[in-house]
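Numbering (the numbering used here), first residue to last: 579 to 896.
Quick notes on the structure that follows.
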């Protein structure tokens, strides 16, 4: 993504995004072509003892959500693993919003957030995917509420991001995957938005996660994991990682280095080891109370979580 567009054509939030994400060719780092093979070799060597403990016929799937859970509270990780997936208003709202943002990238003209959300919901209902039944079964009030919330989130994106030009090669919902250790371990993810591209071994791509709410240290770890999988896939690391907070119009970024990628290797391996120990070997989970207790499936039965929530309520005067 070239840093060429004049700030005067954009509002201040859009100008800040351009200034942060843009880079001229001489500002883009060049990486060693051996890096991809080195990272794969290191990962597979570290994962070999873990892969050997995965039961026959099963695959160890490692994603950003699973890593965030298992490195946070292992009790939450197990609770979510045991819980059957079910669509809910927050999950559906996020899916519809992301689809609307995806459509905005290639939509000709100047569509409103409402138009984009209308089209996103229509396409999701027609898709036949699991969300189609959920959206189709909503009552009029529920549908209107979900639509309004998705419009709000989409409008925030349109207001804060400059129009993404085709020459920047924007891609929404970009899927990443790396199969390791004879396909016994799979690292997978889906990036909200990517812009730019590499040129030989010169990095140029930017990976962007869109966030509502406030900052969490796990957001940086999520993007480092994506950078690792992207490097294993393509051989060239992304240039920059960015979390964009829609509510506040604020971007936090990090330049990708070899040290960043190797820290992601360590975190992924440690997470994989914990997943196998908890799921397949019956190790007792380490409980770490915190904000995630509020939405943990075991929030009413976990003594540690119940005590934390009670103390939090008393402290906040609930």
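Just so you know, even glycine gets a beta-carbon here, dropped at the ideal spot from N, CA and C.
On a predicted model such as this, the values are computed, not experimentally measured, just so you know.
CB contact flag (residue 640, residue 812, <8 Å): In this structure, residue 640 keeps its C-beta atom at 8 Å or more from the C-beta atom of residue 812.
Closer than 7 Å: residue 763 CB and nearest the ligand SAH heavy atom: The ligand SAH is not part of this structure, which contains no ligands at all.
Under 8 Å between C-beta atoms of residue 822 and residue 789: Closer than 8 Å, so yes.
Buried versus exposed, by CB contacts within 10 Å (16 or more), residue 873: Exposed, since its Cβ has fewer than 16 Cβ neighbours within 10 Å.
Rounded distance between the beta-carbons of residue 802 and residue 850, thought under 8 Å: Residue 850 to residue 802, Cβ: 15 Å. No contact.
Exposure of residue 632, with buried meaning 16 or more beta-carbon neighbours within 10 Å: In this structure residue 632 is buried. Its beta-carbon is surrounded by 16 or more other beta-carbon atoms within 10 angstroms.
Spatially closest choice to residue 877 from 757, 831, 651, by CA coordinates: Comparing C-alpha distances from residue 877 to each of 757, 831, 651 shows the shortest one belongs to 651.
Within 8 Å, strictly: CB atoms of residue 709 and residue 732: The answer is no: Cβ separation not under 8 Å.
Span separating the alpha-carbon of residue 852 from that of residue 656: One C-alpha to the other measures close to 11 Å.
Residue range of the unbroken alpha helix (DSSP H) whose run includes residue 841: Secondary structure note for residue 841: its alpha helix (DSSP H) is the uninterrupted segment 836-858.
Sequence-distant residues of its chain with Cβ nearer than 7 Å to residue 521 (five each side left out): Since the displayed the chain opens at 579 and closes at 896, residue 521 lies outside it and no answer follows.
Cβ neighbour criterion (16 or more within 10 Å) applied to residue 793: Burial call: exposed.
Span of the beta strand (DSSP E), counted from its first residue to its last, around residue 772: Here the beta strand (DSSP E) through residue 772 covers 763-773.
Residue 817 beta carbon less than 8 Å from that of residue 607: Going by C-beta atoms, residue 607 is nearer than 8 Å to residue 817.
Cβ contact (3+ pairs, closer than 8 Å) linking the stretch 730-745 and the stretch 822-839: The stretch 730-745 vs the stretch 822-839: in contact.
C-alpha distance - residue 804 paired with residue 697, whole-angstrom precision: C-alpha separation (whole angstroms): 29 Å.
Nearest to residue 574 (by Cα), restricted to the options 787, 620, 691, 704: Nothing in the structure corresponds to residue 574, since the chain is present only between 579 and 896.
For residue 897, the residue or residues it bridges with in DSSP: In this structure the chain extends from 579 to 896, so residue 897 is not present and cannot be described.
For residue 755, the first and last residue of its enclosing beta strand (DSSP E): In the DSSP annotation of this structure, the continuous segment of the beta strand (DSSP E) that includes residue 755 starts and ends at 749-758.
Three-state secondary structure (DSSP) of residue 812: Here residue 812 sits in helix by DSSP.
7 Å CB neighbourhood of residue 861 in its chain, flanking five on each side removed: Result list for residue 861: 855, in chain order.
Exposure of residue 757, with buried meaning 16 or more beta-carbon neighbours within 10 Å: When all chains shown are included, residue 757 counts as exposed.
Where residue 584 falls, given that 16 or more other Cβ within 10 Å makes a residue buried: Model confidence at residue 584 stands at a pLDDT of 47, short of 50, so the residue's coordinates are unreliable and nothing is read from them.
Terminal residues of the beta strand (DSSP E) in which residue 656 lies: Per DSSP, residue 656 is not a residue of any beta strand (DSSP E); the alpha helix (DSSP H) it occupies stretches across 652-660.
Proximal residues to residue 857 (C-beta, below 7 Å), its chain only, five neighbours per side dropped: If you ignore the 5 residues before and after residue 857, its C-beta comes within less than 7 Å of the C-beta of 659, all in its own chain and listed in chain order.
For residue 743 and residue 784, the rounded distance between their alpha carbons: Whole-angstrom Cα-Cα distance: 14 Å.
Collapsed DSSP secondary structure at residue 885 in the structure displayed: Here residue 885 sits in helix by DSSP.
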